[in-house]
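Inspection log for the structure reproduced underneath, given as structure tokens.
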Amino acid sequence: MTEFLGPAEWTALGLSLKVAFWATLFSLPFGFAAAYALSRGRFWGRQALNIVVHLPLVMPPVVTGYLLLLGFGRTGPLGEAFEALFGLVFAFRWTGAALAAAIMGFPLMVRAIRLSLDAIDPGLEEAAQTLGAGRLAVLARVTLPLAMPGILAGAVLGFAKGMGEFGATITFVSNIPGQTQTLALQIDSLLEIPGGEPLALRLALVSIAIAAVALLVSEILAARSLRKRGA
Amino acid sequence: MLDVSLKTTLGAFRLEASFTAPAGITALFGPSGSGKTSVVRGIAGLLKCNHQQVTLNGRDLSRLPPNRRKLGYVFQDARLFPHMTVLRNLRFGGSTDEEQIIALLGLGPLLNRYPAALSGGEAQRVSLGRALMAGPELLLMDEPLSALDGVRKADVLPFLEALRDQANIPIIYVSHDMGEVARLAQHMVVMNEGRVVVEGPADAVLSDPAAVPFIGVRDAGAVLTGRVVGHADDGLTKIETDAGALWVPGAVGHAGGALRVRVPAQDIILSRSAPEGLSALNVLSVSITSLQAGHGPGVAVGLQAGGARLLARITKRSAQSMGLAVGDRIYAIVKTTAIAPGDIH
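Going down the list, the protein sequences come from chains F and H.
The opening residue of the first sequence carries number 2 in this note's numbering; numbering runs sequentially from there.
The opening residue of the second sequence carries number 317 in this note's numbering; numbering runs sequentially from there.
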């Protein structure tokens with residue numbers, strides 16, 4: 002054993018980090034908005050939103066991947082729209098892997114953020130209003146900082162989910178080395194070929210380590226924000 | 317000057333309240349569940365009402381969101397932001413008169429602490445400072461002292477008095493503690509079951525027999541204002557009030573200083589003839605202005621004593637056997653020791 006991982010494995014690892022990073026970054030604002038609407042909103046269709054948000058958690062990932070293919074494929078209505086508007090193509094690209102990872106991680110992210118929003122005393126937001134803060138100011142100065150531990154936890158969960166996403170990704174963007182072959186997909190490929198198992202095991206160790214570090218980081222950040230409050 | 321008119325329903329509860337509050341402290345008094353907090357939330361714009369008309373010094377607040385009403389709201393629970401230090405909490409809404417307010421409320425040593433490290437009294441003082449530093453044109457205080465013990469209350473009350481005498485804005489002060497109300501309020505609004513039942517200057521409301529059923533027989537009693545004449549060697553203080561001279565227990569105030577004394581209605585004894593050989597020191601010559609029988613065994617008797625009004629509560633049986641009638645000249649006897657030290661300010 003000369004090297005712990007081969008060049009193809011390093012590529013897959015880098016790709017996974019990239020996919021998970023962008024998936025988390027782009028889904029975070031939407032995740033917060035959805036969690037805020039579910040926690041604070043009293044509007045018609047709130048239950049419907051709740052179901053839609055949580056569907057990827059309970060649907061077979063292959064179904065999610067297939068729906069993504071129908072919607073965001075080259076000829077899908079949303080795929081065409083994104084290509085025309087932003088020049089953004091999802092089909093069989095790493096961007097598609099990131100989209101799949103974002104969708105699959107979304108329910109976990111929303112749940113974590115919503116829990117922290119539910120725990121905020123609405124009286125604090127009222128107090129901020131009486132002190133002259135408008136809706137946006139209340140959000141920025143009171144709600145967001147108080148929800149920060151939950152937002153961090155949600156981001157970490159989304160990131161970890163993105164690192165390990167398999168079913169929806171392979172269905173939507175296939176398994177193309179260097180383009181859509183993330184860590185999980187490569188582990189799967191290695192298990193298919195004779196003698197690939199030792200390498201697969203090493204990749205598995207790497208993904209476990211990343212997940213563990215991510216969880217540790219989020220715990221530390223959450224504990225720090227609590228300690229600052231002296232709680 | 318604040319004009320309020322609110323109408324709404326909250327489940328089975330109907331709120332229909334209108335009143336006017338001048339500058340100074342207006343006490344919103346009533347039993348729990350009478351709608352005091354709902355009224356304050358309505359004024360702040362935090363409670364959606366079917367109908368609301370709130371006018372502050374001619375400025376119509378009714379359609380403004382809470383953040384644009386320029387008011388300060390001190391909640392029963394201090395509601396400090398847990399992620400900010402005391403200083404950042406104080407500055408949340410502005411930094412009007414920052415140094416004076418920090419000094420007046422004694423907040424200097426607390427500025428770098430987080431709310432979790434404050435006692436209840438400290439938190440409430442910070443909350444008050446935070447509301448004041450926003451430079452409000454109206455101050456709403458919803459039982460700000462109810463979470464505090466007696467000692468802490470005594471710490472905060474003098475500041476509220478100073479605030480009342482210095483700030484030239486209307487202050488709505490919700491309370492069900494008659495001691496606080498008698499001490500602080502210049503104006504009074506009494507609520508019962510979602511409605512305003514009595515409203516007016518505190519002195520008039522507190523001496524109005526018709527208000528007794530709503531204020532409660534234990535809390536009813538007029539407030540006399542007077543000047544300290546002097547302190548006697550035996551530990552009593554003589555006060556000259558509009559109702560006549562009054563001896564109160566303890567060496568309170570200083571000669572020439574103004575005092576307010578609450579005389580509980582149930583601690584006044586009425587007599588047809590000038591009493592002789594009686595241990596009570598305070599005998600006031602009064603005339604009956606009104607008699608108000610309650611549902612129970614009591615009668616509230618409104619009395620005119622010199623330039624002041626008093627309120628006595630006696631039994632129906634006594635009123636009958638004495639043959640009391642409006643206009644009668646009688647004597648009111650106030651036992652010196654019945655006046656609690658907490659009722660003299």
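C-beta atoms are modelled at their ideal positions from N, C-alpha and C, and glycine is treated no differently.
Everything numeric in this text was worked out from a predicted model, so none of it was measured.
Just the C-alpha distance for residue i and residue j, rounded to the nearest angstrom, thanks.
i              : j              : result
F1 (chain F)   : M164 (chain F) : Residue 1 (chain F) is absent from the model: chain F starts at 2 and stops at 232.
A596 (chain H) : T653 (chain H) : 9 Å
T336 (chain H) : F107 (chain F) : 53 Å
G155 (chain F) : G424 (chain H) : 39 Å
T12 (chain F)  : A49 (chain F)  : 40 Å
A548 (chain H) : V442 (chain H) : 41 Å
G179 (chain F) : A98 (chain F)  : 12 Å
G510 (chain H) : L326 (chain H) : 10 Å
T144 (chain F) : P381 (chain H) : 18 Å
A432 (chain H) : V568 (chain H) : 38 Å
V402 (chain H) : L427 (chain H) : 5 Å
D535 (chain H) : P580 (chain H) : 7 Å
M638 (chain H) : P460 (chain H) : 44 Å
A656 (chain H) : V370 (chain H) : 39 Å
E496 (chain H) : K469 (chain H) : 9 Å
T65 (chain F)  : V59 (chain F)  : 10 Å
G537 (chain H) : P525 (chain H) : 9 Å
R543 (chain H) : D659 (chain H) : 15 Å
L626 (chain H) : D519 (chain H) : 9 Å
E166 (chain F) : T324 (chain H) : 53 Å
A34 (chain F)  : L479 (chain H) : 43 Å
A224 (chain F) : T183 (chain F) : 32 Å
V650 (chain H) : K352 (chain H) : 33 Å
V602 (chain H) : G361 (chain H) : 47 Å
G445 (chain H) : L217 (chain F) : 40 Å
A120 (chain F) : T131 (chain F) : 21 Å
S208 (chain F) : V90 (chain F)  : 28 Å
A26 (chain F)  : V20 (chain F)  : As written in the sequence, residue 26 (chain F) is Leu, which differs from the Ala given in the question. Roughly 10 Å separates the two Cα atoms.
L29 (chain F)  : R43 (chain F)  : 22 Å
A129 (chain F) : F408 (chain H) : 8 Å
Would you list the residues sitting across from residue i in a DSSP beta bridge?
i              : result
V602 (chain H) : H:I646
V214 (chain F) : Partner(s): none; V214 (chain F) has no beta bridge.
A538 (chain H) : H:V579
L318 (chain H) : H:A337 and H:L372
S587 (chain H) : H:Y647
G610 (chain H) : Note: G610 (chain H) sits in no beta bridge, so no partner.
R384 (chain H) : In DSSP, R384 (chain H) forms no bridge with anything.
G486 (chain H) : Position check: residue 486 (chain H) holds Pro in this sequence, whereas Gly was assumed. P486 (chain H) pairs with H:G340.
W563 (chain H) : H:K554
On the CB-based measure, 16 or more other CB atoms within 10 Å of its CB, does residue i come out buried or exposed?
i              : result
W563 (chain H) : buried
F5 (chain F)   : exposed
A113 (chain F) : buried
H367 (chain H) : exposed
A616 (chain H) : buried
S354 (chain H) : buried
W45 (chain F)  : exposed
I487 (chain H) : buried
E415 (chain H) : exposed
N484 (chain H) : exposed
M2 (chain F)   : Annotation note: pLDDT 46 at M2 (chain F) (below 50); position unreliable, no value reported.
I194 (chain F) : exposed
I188 (chain F) : buried
I221 (chain F) : exposed
T170 (chain F) : buried
H611 (chain H) : exposed
A82 (chain F)  : exposed
Check for me: the alpha helix (DSSP H) holding residue i runs from which residue to which?
i              : result
M638 (chain H) : K632 to M638
N405 (chain H) : V402 to L406
L274 (chain F) : Since the first and last residues shown for chain F are 2 and 232, residue 274 (chain F) lies out of range.
S443 (chain H) : G436 to M449
D659 (chain H) : Segment: none, D659 (chain H) is in no alpha helix (DSSP H) and carries neither H nor E.
D189 (chain F) : L184 to E193
P123 (chain F) : P123 to T131
A169 (chain F) : G168 to V174
L137 (chain F) : R136 to V139
Output the boundary residues of the beta strand (DSSP E) element that contains residue i.
i              : result
Q620 (chain H) : G614 to A621
K554 (chain H) : L552 to T557
D413 (chain H) : Looking at the DSSP string, D413 (chain H) is not in any beta strand (DSSP E), and its letter there is neither H nor E.
Discussion item. Just to confirm the assignment: which complete alpha helix (DSSP H) runs, minimum length 4, are found wholly within the region 31-82 of chain F?
Written reply: 47-59 and 62-73
Practice prompt. Go through the region 489-541 of chain H residue by residue and report every complete run of the beta strand (DSSP E) that reaches 3 residues or more, in order.
Written response: 503-508 and 511-517
Item to complete: Could you name each continuous beta strand (DSSP E) segment of 3 residues or more that falls completely within the region 82-118 of chain F, going from the start of the chain to the end?
Response: none
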